[in-house]
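Take the sequence shown: its position 220, counted from the start at 1, is 276 in this note's numbering, and no numbers get skipped. Below is one structure; the comments refer to it alone.
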Amino acid sequence: MNVFIAGSGLLGRALKDFLINSTHKKINLFSIRNLSIDQINNILVNISNNDVFVDSMDPNVINNDVSDDHLRKIEIVRSNALSNSSKFHYIFLSTASIYTHNLNLINESDLIQQNFKSKYLQMKLKNENFIKSKSKSFLTIARLVSVWSDENQSSFFGDLIKAFKDKKTILPREGDDTVISYINLIDACKLLNFIILNRKIGTINICTNQYNSRSNMKAIVNNKKTNPIFNLTGLRINSSKLNWKDIIKERKELF
57 MNVFIAGSGL LGRALKDFLI NSTHKKINLF SIRNLSIDQI NNILVNISNN DVFVDSMDPN
117 VINNDVSDDH LRKIEIVRSN ALSNSSKFHY IFLSTASIYT HNLNLINESD LIQQNFKSKY
177 LQMKLKNENF IKSKSKSFLT IARLVSVWSD ENQSSFFGDL IKAFKDKKTI LPREGDDTVI
237 SYINLIDACK LLNFIILNRK IGTINICTNQ YNSRSNMKAI VNNKKTNPIF NLTGLRINSS
297 KLNWKDIIKE RKELF
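Set out below in structure tokens:
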């Protein structure tokens, strides 16, 4: 079994390194931005029976830095890969942020939102539906919670970790009382590795049952009192398909 990872963003690169270090499988990571469609198609034709294709092509955000041409290129590559998907296990890296916010634990069977203001979430839901309609064989929709790594990450978590390490105050923002779920980058790779090795299919939440409000996480950094979150809506993501405790000996904590 060989693993092909399309998309060389943070998660794609980390998954490649993790798989190389933990398995004897051949790993092929390729960039959508840096290769032509013909070059990518030459890679796709080499995917054979029992191989795995990890679709990590979507950008992390939709903004002015992401061109329409790049998005169209992703659509072409995705369509070409799906046309041959009867040969292999197709894994699409989606997001758990498409679920409807509530006060309870959210499993794979819970409702997802349909009308998003966020262009990124619109894209993710659209791509999930497209892939489900075109896949010809083994398909996994891996819905990841927010992924954190270190202070160099360009995100809320990057800013949070940097402020914590530098002992600086991080300021509140609107929406901080919403509950969010998160996972360490390496822990996410461990769960994805388990899915790859055991050919787990269907929609699977990638999580380690870590969640809190942004306001509480900022309070920890600012050395202030945290508040109960039982009455705050948000995304308390759980999985009824994958027990992270069976796969990860000890999850990585944010602080």
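We treat Cβ as the ideally placed atom computed from N, Cα and C, and that holds for glycine. These numbers were taken from a predicted model, which means no experiment stands behind them.
To which residues does DSSP link S137 through a beta bridge? Correcting the residue type first, residue 137 is Ala in the shown sequence and not Ser. None, per the DSSP bridge assignment.
I'd like to check one pair, V201 with A152: are the Cβ atoms closer than 8 Å? yes
Between L114 and N183, is the Cβ-Cβ spacing less than 8 Å? It should be pointed out that residue 114 corresponds to Asp in this sequence rather than to Leu. Cβ atoms of D114 and N183: closer than 8 Å.
Relative to the C-alpha of L149, which residue among D233, D107 and D111 is closest? Per the Cα distances, D111.
Start and end residues, alpha helix (DSSP H) containing L66: Residues L66 to S78.
Please give the ranges of any beta strand (DSSP E) in the region 266 to 291, keeping only runs that are unbroken, at least 3 residues long and fully inside the region. 266 to 269
Return the residue from the list N77, K246 and S174 that minimises the CA-CA distance to I304. K246
As a quick exercise: from K175, G290 and L310, pick the residue whose alpha carbon is nearest that of L161. G290
Round the Cβ separation of D232 and L288 to the nearest angstrom and send it over; I've been treating them as touching at under 8 Å. In fact, because the Cβ distance is near 10 Å, the residues do not count as touching under 8 Å.
For the beta strand (DSSP E) containing K82, list its first residue and its last residue. K82 to F86
When you compare only the Cα positions, how much space is there between K308 and N265? 12 Å
Across the region 135 to 150 and the region 95 to 106, are there enough close Cβ pairs to call them in contact, namely three or more that are closer than 8 Å? yes
Please identify the residue among N98, F186 and S191 whose C-alpha is closest to the C-alpha of Y146. S191
How big is the Cα-Cα spacing for K175 and D107? 32 Å
Taking the straight line between their C-alpha atoms, what separation do you get for V252 and A198? Looking at the sequence shown, residue 252 is not Val but Ile. One C-alpha to the other measures close to 11 Å.
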